[in-house]
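J.: What the sequence shown shows, in mature numbering (1 follows the signal peptide of the UniProt record, and there is no 0), is residues -21 to -1, 1 to 870, in sequence order. Just so you know, even glycine gets a beta-carbon here, dropped at the ideal spot from N, CA and C. Keep in mind it's a predicted model, so treat the numbers as computed, not measured.
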Amino acid sequence: MIGLSKLKILALAAVTSSVRAASPRAENRDVVPGAYIIEFEDGQDAAGFRTQAEPAYETRMDLNFDLFKGVSIQLDDTDTAEERAAALASLPAVKNMWPVRVLHAPVLNERVGNRTLPAATGAGARLRRRQDGEVEPNYPHIMTQIDKVHEAGITGKGINIAVIDSGIDYTHPALGGCFGDNCLVTHGWDFIGDGSVWDGLQPDDDPQDTCHGHGTHVAGIISAGENEYGAIGAAPGASLSAYRVFDCNGQTTDEIILAAINRAYEEGADIITASLWGTSGWPSEPLSVAASRVVENGVPFTASAGNDGDIGLFWASYPAQGDGVASIASFDNTNKPYMMQSSQYIVNNDTVDDFVWEQKYPPFWDGTPRPLWVTGYDVNNTADACEPLPDNTPDLGEFHVLIRRGNCHYEVQAQNVADKGGRWFISYNNQTGQPDAFNLWNSEDLEGAAQVTKETGEAWVKALESGSEVVTILPDPFGPDAKVEIVFFEPDASATAVSLISGRGPTFEMGLKPQFGAVGGSIISTWLDHGFYVLSGTSVSCPMAAAAMALILEAKGPQEPRILESMLSSTATAQSYHNWDRQWQDWLAPPAQQGAGLIQVYDAIFSTSLVQPSGLSFNDTANRAEDLTITISNLDSDTEVSYEISHVPTHSLYSLRDDKLSHFHLDAEDVPDHAELTFSATRLTLGPGESAVVNVTATPPQNLDPERYPLWSGFITVNGTDDSALSVPYQGLSGSLYEAKTLTQEGIWMYNNLVLEGAEPDFDPKPENYTWTFTENPEEATESAALVLDVNWGSRQLDVNVVALGDYPGNTTVGIGGHNVVGPINELTGGSLHPRVGYQTWISDGVIADGIKLPEGRYQIVASALRIFGNATDPKDWIIVESVAFNVRWA
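In structure tokens, the structure reads:
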């Protein structure tokens, strides 16, 4: 296996827009060279495996659990890891084998660069109250009916929820202030300790969140007690167990998470929640397998659907993609708390008042009081500073320059300010509500950028127009004088919509994901240093869903996970589609985005009817399920209930663009065509406690192009005379995923990645029989061979090998298709469970995986992808593409 110093992964932003799939998010698929997770066959153990295994290795982690028997290992020789790993996988003791991946904690949304804003403490509590003195309601709880459940006296008491995350700061007053029996956080384990993923783990029994904060935020969403922000947990009566899996850099490995899942199960968790994600789209991924086994053994598991909604369909995340695992989408808050800096301004060297502002880029404010200067007093000017400032403008170098948000780009306004010596740019908004999203990445002459509210900006303009001097103070947001407040804004157009970033399904085998959603768009919760913080995404909707399950378990007693899932799914409220232009549509968001919809917990608990399962998938054309079933149950012990059954379709979404290769990002093309569903019964009456099975048949839409893989979907409705209004999401796909063009001959090419001084980058593909000239001295190199491979769909196995086209002096193997394989191009291509990643680039200096230095000769690169639903042992089930032939020469 080639070392990281010899091989780099590069995203070619200049090549295609589809590279977003291979953006820095792909870091969540980094692997540890030479490290593997081994699962043993039944009856086998570590001792038996060591007896059979010839390669020398060290044990990384003992993974001996009730539901998983195995070990993670580190091969001593990473240069030959590919070959040795293949030998290990064939041993009788080995049931499954996966590479060890490095995973990253979810990205925080309140960041500038790589720095996290300080936590808000009591300074912002006053902003939690309206002008009439009333405390702001907890809108996420209102949206999900959790407030009504609390009013009924149900708090999740007696239920333990295991939080797999960065640990929990249990010293936080809102999180009990202690650890152990009779505390909110009762037990747990720290898999990291004072170490790190790369420097060695130092596990201990104290799962304190010392340096990250994410797990503490999650814990508060579930169980926070009374606090000055009114940010009460959704299940404040539930206890928590904490399993710390992230180091201070926000990194972990899937072996650690696998151990945490199993330990939480064995230590008696009633519910397990994991606000983390990576992308593969395959339920056979190891963490998804582990989570599914927990569910099969009676413990519900909630997992984030992911925050990659802009990547489009077929981007299901793990472990949420696991069978039976509840994948949780995110919905936007109706009243958004917002993290803003707090500072002061001074009028006429006399009156001092507070204001809030948002840091933008560049971020280099220094806290020096500076007079405010404004271009004009017209607070309705739509083109403020959109033209060069007049000649009589003074040198703006020592002013804070105030500009109204206009109809030209911020960069234009900023450059006009900089042209007059301005270094400090403050925009005031032209509309009420939260700050506008902008950063001045190209304004090299500026030192600081910020935005204030419409009301603040207009007040400053009015004071300046009257002849007053206004001096503003903007300290370093990350310095010791920084103060952060949490401001609540009126609802915007996205209130109650599915969050745009919420990850979308389905899985590559057409598993319906997500299952349903909770509120994740701007949530205030507990943070480090006994503070509070605002985060967004499925990381924060996921624990709310786990808390909802705890409320149901307290109210109704033990429930099978799939019953619990159906309770929440069937009573959820489906929302209309809200597109990336922030416009509402007159059709429902598809289940691939919202699952069943936004959970309604009170209805889930007190409904006297139930419909199962939580969703139906009719699969693709080649694997069409002709007849699926739903089960309707009358849970009322006294009353007969009659039901009407129908369906509400939504628009179909094309997975692929017109080129029939590339996936849509942001909004997929939608068409009103939809499937028609027929039922074995459209009306039925059930006595108390009775259930009935209804057959469901789908006729796919006929006028859609199957080569673009339209995803058709909707909601089966079941309305009862007991006032129940239940639904089941369904989906299907036109076209055969087996025939999907995961690889194409046009999608493999080579170019020279080395840009010499004074030369322009050359992305042009090299022709047939091009000669690559390599040197062992990197300083003398004139070429670096880069392979570009376009992976349009996911594959359970992807192999990219260098193939000899003539006599080869070393050992070779026979590859798929009979090729004379010299060796794999790198460790990331071999193995299993790849997502659709768009363009990937691998760079070689003539040395490939397993430490093989290519002798001079003639070669080709061959990529092989196992088809979706394919059988790895059948050569026909592989898509094989070949690069042009090339020659290798050594200088």
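(1) For Y356, count the other beta carbons within 10 Å of its own beta carbon; 16 or more makes it buried, fewer makes it exposed. Which is it?
(2) So, under 8 angstroms CB-CB, Y297 and S267 are touching, yes? Tell me the CB distance rounded to an integer number of Å.
(3) State the DSSP-derived secondary structure class of S593, mapped to helix, strand or coil.
(4) Do I17 and V73 have their beta-carbon atoms positioned less than 8 angstroms apart in this structure?
(5) Helix, strand or coil: how does DSSP classify M122 here?
(6) Less than 8 angstroms between the CB atoms is what I'm expecting for I200 and I502, so what's the real figure, rounded?
(7) Measuring CA to CA, which of W403, D560, T629 and V11 is closest to P348?
(8) Looking only at C-alpha atoms, which of E448, V273 and V463 sits nearest to D455?
(9) Taking only the alpha-carbon atoms, compute the straight-line gap between T486 and F495 and give it to the nearest angstrom.
(10) Check whether the Cβ of Q392 sits closer than 7 angstroms to any heavy atom of the ligand ZN, and report yes or no.
(11) Per DSSP, which residues does E655 bridge with? Please list them.
(12) Which term fits S518, buried or exposed, when burial requires 16 or more other beta carbons within 10 angstroms of its beta carbon?
(13) Classify G135 as buried or exposed, calling it buried when 16 or more other Cβ atoms lie within 10 Å of its own Cβ.
(14) Report the rounded CA-to-CA distance for E377 versus D508, giving the unit in angstroms.
(15) Count Cβ pairs between the segment 257 to 273 and the segment 600 to 608 that sit closer than 8 angstroms; are there 3 or more?
(16) Have a look at P803 and L82 and give me their C-alpha separation to the nearest angstrom.
(17) Do you know offhand how far E444's Cα is from C521's?
(18) Tell me where the beta strand (DSSP E) around Y633 begins and ends.
(19) Y730 to H813, Cα distance in whole Å?
(20) Which parts of the segment 509 to 561 are runs of the alpha helix (DSSP H), unbroken and 4 residues or longer, counting only runs that do not cross its ends?
(21) Assuming contact is defined by CB atoms lying nearer than 8 angstroms, are T435 and Y389 in contact in what I supplied?
(22) Just to confirm, is the Cβ distance from A476 to Q554 under 8 angstroms?
(23) Measuring alpha carbon to alpha carbon, tell me which residue in Q724, D565, T57 and V781 is nearest V11.
(24) So, do the segment 188 to 202 and the segment 141 to 155 have three or more beta carbon pairs nearer to each other than 8 angstroms?
(25) Would you decide whether A269 is buried or exposed? Buried here means 16 or more other CB atoms lie within 10 Å of its CB.
(26) Taking the DSSP output, what are the residues bridged to N866?
(27) Classify G49 as helix, strand or coil using the three-state DSSP reduction.
(28) Using only the alpha-carbon positions, how far apart do V800 and E62 sit?
(29) Please classify W177: is it buried, with 16 or more other beta-carbons within 10 angstroms of its beta-carbon, or exposed?
(30) Flag this pair as yes or no: are the beta carbons of A213 and I133 separated by less than 8 angstroms?
(31) Looking only at its chain, what residues have a beta carbon closer than 8 angstroms to the beta carbon of residue 881, apart from the 5 residues adjacent to it on each side?
(32) Sort out for me which residues DSSP pairs K639 with in a bridge.
(33) At the level of alpha carbons, what is the spacing between F742 and I831?
(34) For G711 and D415, I'd like the C-alpha separation in whole angstroms.
(35) Could you tell me the distance, in whole angstroms, from the CA atom of S774 to the CA atom of L845?
(36) Using a Cβ distance threshold of 8 angstroms, determine whether the segment 586 to 597 contacts the segment 625 to 636, with at least three qualifying pairs required.
T.: On the basis of the data shown:
(1) exposed
(2) 5 angstroms
(3) coil
(4) yes
(5) helix
(6) At roughly 6 angstroms, the Cβ-Cβ gap stays under 8 angstroms, so I200 and I502 are in contact.
(7) W403
(8) V463
(9) 15 angstroms
(10) Ligands in the displayed structure: none, and consequently the ligand ZN is not present.
(11) T678
(12) buried
(13) buried
(14) 36 angstroms
(15) no
(16) Taking the straight line joining both Cα atoms gives about 24 angstroms.
(17) 50 angstroms
(18) S631 to Y633
(19) 24 angstroms
(20) 517 to 535 and 540 to 549
(21) no
(22) yes
(23) T57
(24) Yes, they touch.
(25) Taking a 10 Å sphere around the C-beta of A269, we find 16 or more other C-beta atoms and assign the residue as buried.
(26) T750 and R837
(27) Three-state DSSP puts G49 in a strand.
(28) 12 angstroms
(29) W177 is exposed by the Cβ-count criterion.
(30) no
(31) In the structure displayed, the chain extends from -21 to 870; residue 881 sits before or after that span and is not available.
(32) Paired residues: none, contrary to the question.
(33) 26 angstroms
(34) 39 angstroms
(35) Looking at the two C-alpha atoms, the distance is approximately 6 angstroms.
(36) no
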